[in-house]
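Here the first sequence is numbered in our numbering, starting from 1223 and rising by one per residue. All residues carry an ideal CB built from backbone N, CA and C; glycine is no exception.
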Amino acid sequence: MSDPLASLSTLLAPLFADLNGGSPADPTVRPSDRADAQINGALALAKQVGANPRDLAQQVVDSGLLTDVATDLEVAGPGFINVTFSSSFLEAELAVVAADERLGVAPAAELKTVVVDYSAPNVAKEMHVGHLRSTVIGDSLVRLHESVGHTVIRENHIGDWGRPFGMLIEHLLDLGEDVASDGLSQGDLDGFYKQANAKFNDSEEFQERARERVVLLQGGDEPTLVLWRRLVEMSNAYFNRVYTKLDVLLTDDDLAGESRYQPLMEGVYERLEASGLLHEDDGAMVVYPAGFKNRDGDPLPMIAKSQTGAFMYATSDLACVVDRVERLGADLMLYVIGSPQAQHLQMVFEVCAMAGWLQEPTEAVHVGFGNVLGEDRKMMRSRAGDSVKLADLLDEAVERAEAAIAEKNPDIGPDDRLVIANMVGIGALKYFDLSTERIKDYVFDWDRMLAFEGNTGPYLQYAHARICSIFRRADIGRASVRAAHIALDQPQERALAMRLLAYPSAIDNTLDSYSPHKLCTYVYELATDFSSFYQECPILKSDEPVRTSRLALADLTARVLEHSLGLLGITAPEQM
RNA sequence: GCCCCCGUAGCUCAGUGGAUGAGAGCAGCGGGUUUCUACCCCGUCGGUCGCAGGUUCGAGUCCUGCCGGGGGCGCCA
């Protein structure tokens, strides 16, 4: 463990247990504005054992446990202990991190199989900003969980089944495959869907064909399935282009569409039946998940089978949970889906729990998120009033980044500029989405997103590029300073070192709440700490050994920046 | 009608039950530095943390009730 706060906690744990009569007590070590750290545990402990908190705190100070790590210990206020770390202690911790490829990030205590359900676009429908959120948050959670050693299974639950496919397939036939293929692969999914929908609304003949086609599809009619597959393939090709541009990990191997769970529903339904949970209600077969009520105060049903005998999407989601738990061996399932689905998912999870399919310690979590709003604080719309195409958003982000780079760093040639513009534009967009608490709505704003100041992607990337620039200018290899001793003499060096050492804790906090914005806040603080250091502590102009020490500190900072941005799915360019 | 989520500076947002200093960025005003890339530093302006209770040694943070905004509540997915 390299985080000094965590080290402190570990160091104090036995003493706190002693003071608590043998049972464990949390020393509660926290960051402090008044010192390097503060120990708050004496207050809670005093209450528990009926002692004076200041006396307890004094006992902790007098124990001598901290003499090697702290130069100053002070009991303050009602019983806080302010800790100032010794530079030698911090320098030693830093040396451990610098020598560690993982930068101090230890594998999780308990390694799990984690299934992450995210992105989930609909076949033959455009991806919009909601998919951006799911895709970007999910991608980051995948990377974060992998980084601490979990086995992660990505599942892209695309909407590739259901009633709309009757009309979509008929429209495909009307257009002819080649024409349809052109349109869809060009990314005109909205046009295709809207045309089909318009025909469905206008023509009874078309409606009839669509209905018959649904029956054929669900009956497994091979010629129909061929057409359906074409539709799915064309859409997937388009989705993949968006994923490539977005620089996320999803591939065809991760597809787990709704169609996959269709054959499993009968079996799940039978198991529901056998469990005795099914009830007949108004002709439908339902389960009443515990704790849910409808508008009349009666139990709220989750419909497993409709009056007409069709399985519902809730049934499909049950099958999905069962598949993930029983076939994939999931210990943890993350559903990165918008917050309007909260109640639906809670009901599905509750039914799974009642049926015994979802039992401790296996866990299903709805990782919900809010909307992207326009300047008018309403759901973001295009000028025409439609939802905004994700693909257009990505293109605009890159264009704007390219223009900014051309203006601010004209030395970069057009080819490099485009590559960097992709990193900066897409990174800015992702960071903007990830950097606020996911459950809240956020207001979309190009200028704030691409600003070089403040809590933005470009600012963080710039801090990284700047460090690379120092090494380029001095013609020194980054790795060559990696084993050098880092001396912490200036306050800015200390602050930066403390921040670097807190990296593993930042990742833990992020994982605990499935909240990438906590990592964003950390990276931003790291970048600001570096900027202060950069401002106050000349690197190349310093004499040895300070020069090499500062180069090593800068190098380590760049490594943590690159690594942490990587966990957010953002690339750190070497120049920009 | 019931349920869920949100409410912190003019704006956009952080804030792990801890300190009669609640922070950042932007915007505004006034300075400094303008050197290794666009940064950064200092000062200033700005807050009844939606309201009212409660729990606690201690509440922006936990609980209850209100107010405001958004969303969800049977055969679409």
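If only complete runs of 4 or more residues are kept, the region 1543-1607 shows the alpha helix (DSSP H) at 1564-1577, in order along the chain.
Within the same chain, and ignoring the five residues on either side of E1758 in sequence, the residues whose Cβ sits closer than 6 Å to its Cβ are Q1714. Under the three-state reduction of DSSP, F1654 is assigned to helix.
Its chain contains V1337, A1552 and M1555 as the residues whose beta carbon lies nearer than 6 Å to that of R1546, once the 5 sequence neighbours on both sides are disregarded; these appear in chain order. A buried status is given to A1643, since no fewer than 16 other beta-carbon atoms sit within 10 Å of its beta-carbon.
Membership of P1253 in the beta strand (DSSP E) is indicated by the continuous run V1251 to P1253.
A residue is called buried when at least 16 other Cβ atoms come within 10 angstroms of its Cβ; S1224 meets this threshold and is buried. Contact between the region 1236-1255 and the region 1267-1276 is present: three or more C-beta pairs spanning the two stretches fall below 8 Å. A straight-line Cα-Cα distance of about 18 Å links R1324 and S1702. At the C-beta level, L1790 and S1362 come within 7 Å of one another. Per DSSP, reduced to three states, the secondary structure at D1469 is coil, with no helix or strand assignment. Taking 7 Å as the cut-off, the Cβ atoms of Q1683 and P1795 count as close. Apart from the 5 residues on each side of it in sequence, Y1681 sits with its Cβ closer than 8 Å to the Cβ of A1673, F1674, E1675, Y1746 and A1749 in its chain, given in chain order.
Note on H1588: 16 or more other CB atoms within 10 angstroms of its CB, so buried under the neighbour-count rule.
For H1785, no beta strand (DSSP E) segment is defined; the enclosing uninterrupted segment is the alpha helix (DSSP H) at V1768 to L1789. Residue environment analysis places D1777 among the buried positions, since at least 16 neighbouring C-beta atoms fall within 10 angstroms of its C-beta. Out of V1470, M1487 and V1464, the CA that lies nearest to the CA of L1616 is found in V1464. In this structure, the alpha-carbon of G1371 lies about 5 Å from that of P1329. Between the C-alpha atoms of V1544 and V1490 there is a straight-line separation of about 8 Å. Your pair F1514 and L1522 checks out as a contact, with CB atoms roughly 4 Å apart and the cut at 8 Å. Assigned with DSSP and collapsed to three states, G1647 falls in helix. Nearest to V1610 by C-alpha distance, out of A1257, P1236 and K1347, is K1347. Proximity to S1403 across E1455, E1427 and V1374 peaks at E1455, based on C-alpha coordinates. A check of alpha carbon separations from L1477 across D1503, Y1340 and F1387 identifies Y1340 as the nearest. Across the structure, A1247 and D1290 are spaced so that their CA atoms are roughly 22 Å apart.
DSSP places N1304 inside the beta strand (DSSP E), whose first and last residues are F1302 to F1307.
Here DSSP, grouped into helix, strand and coil, assigns R1694 to helix.
Remark: fewer than three beta-carbon pairs, one from each stretch, lie closer than 8 Å, so the region 1717-1732 and the region 1691-1707 are not flagged as touching. Within the DSSP secondary-structure output, Y1664 pairs in a beta bridge with V1594. With fewer than 16 other Cβ atoms inside 10 Å of its own Cβ, N1462 counts as exposed. In the DSSP assignment, H1739 falls within the alpha helix (DSSP H) that extends over P1738 to E1758. I1689 carries a helical assignment under DSSP once its states are collapsed to helix, strand and coil. Annotation: D1765 to L1773 spans about 12 Å, alpha carbon to alpha carbon. Its chain contains G1388 as the residues whose beta carbon lies nearer than 8 Å to that of R1433, once the 5 sequence neighbours on both sides are disregarded; these appear in chain order. Note on G1479: 16 or more other CB atoms within 10 angstroms of its CB, so buried under the neighbour-count rule.
About 4 Å separates the Cβ atoms of T1793 and M1645, confirming a contact at the 8 Å cut-off.
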